[in-house]
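The next block holds one structure in the form of structure tokens; read it before the comments.
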Amino acid sequence: MPLQSQLPVKAMACGNCGHGLFRVFSYETDFVMKLVTQCEKCDSTSVIEPVPATLRIEFGEGSDGRLCRMDPKTP
């Protein structure tokens, strides 16, 4: 069964030549795994790597303080 009929995916192409077939390689550096795609026609490469997520902590309704990084005043 084609992937397009299973998931809402879209095809991608090389930004240099427009070709749509790639080889995919992986490598790891300091706890980060990266993927490298290489166009089968012109050999252009793209590096795909995760970017750490951000965490935002906001004041709760009617709150005078919010959770923060510090040593607690009480155990």
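Here the sequence shown stands for residues 1 to 75, numbered as in the working numbering.
Beta carbons: idealized from backbone N, C-alpha and C, even for Gly.
{"query": "Please report the straight-line C-alpha distance between residue 49 and residue 70, rounded to a whole angstrom.", "result": "32 Å"}
{"query": "Just to confirm, is the Cβ distance from residue 36 to residue 29 under 7 Å?", "result": "no"}
{"query": "Ignoring anything shorter than 3 residues, give me the beta strand (DSSP E) runs that lie fully in the segment 4-32, in order along the chain.", "result": "22-29"}
{"query": "Looking at the structure shown, is residue 39 part of a helix, part of a strand, or coil, going by DSSP?", "result": "strand"}
{"query": "Which residue comes first and which comes last in the beta strand (DSSP E) that contains residue 47?", "result": "45-48"}
{"query": "According to DSSP, is residue 34 part of a helix, a strand, or is it coil?", "result": "strand"}
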